[in-house]
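Residue numbering for the sequence shown is 6 to 129, as defined by the numbering used here. Following: one structure in structure tokens, then a few remarks.
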Amino acid sequence: MYFEKRVWMPSANVANYVMLFTRLYIGERTPLGRRSLRNLLVTLAESEIVPRVLVFWNNAVKICLEGSPLLATLAKIERTGVKILVSGFALERLQAKSKLRIGKLANNFDLLEAIHKATKVVSF
């Protein structure tokens, strides 16, 4: 009996850029700003072209924690081949390391390496 060996391939085209998130909103700290961030990530999960890396720094690390309504969306993004890096320093300051549910715990060297290797960085 012949079994085809299946190799996982990203379903999207991974482009050499980084999306850097530092806040829980885009623009202003209003319901619209929070909804805009949510909509951006949901749209990214459906996009044909995705960044190589998502970086979550400062308060944005909360998006990757237990109880975040965006965990399923981030998991979908990650399955397309996007690497998710989460600031260990921010998690430590928030006393939330044990609540990390998605992404790789990263130190500042990891975060800066991802930024330096990227063709461009888009910051939110």
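Every residue gets a Cβ at the ideal spot worked out from N, C-alpha and C, and that includes glycine. These figures come from a predicted structure and were not determined experimentally.
Its Cα nearest to that of Ala-20, the residue Val-55 stands out among Ile-120, Ile-82 and Val-55. Excluding the 5 residues flanking it on each side, Pro-74 has same chain C-beta neighbours closer than 8 Å at Arg-43, in chain order.
Three or more Cβ pairs drawn from the region 111-120 and the region 51-69 lie within less than 8 Å of each other, which places the two stretches in contact. Of the candidates Ile-89, Val-127 and Leu-70, Leu-70 places its Cα closest to the Cα of Glu-97. Secondary structure of Leu-75 (DSSP, three-state): coil. The straight-line gap separating the alpha-carbon atoms of Asn-18 and Gly-93 is approximately 28 Å. If you compare the alpha carbons of Ile-107, Pro-36 and Ser-103 with that of Arg-84, the shortest gap goes to Ile-107.
Taking the Cα positions, Ala-111 is about 5 Å away from Val-91. The C-beta distance from Lys-88 to Arg-57 rounds to 7 Å, short enough to fall under 8 Å. Following the DSSP letters along the chain, one finds Phe-61 inside the beta strand (DSSP E) bounded by residues 54-61. Listed in chain order, the non-local C-beta contacts of Ile-31 below 6 Å within the same chain comprise Gly-38, Ser-41, Leu-42 and Phe-129, local neighbours out to five positions each way being set aside.
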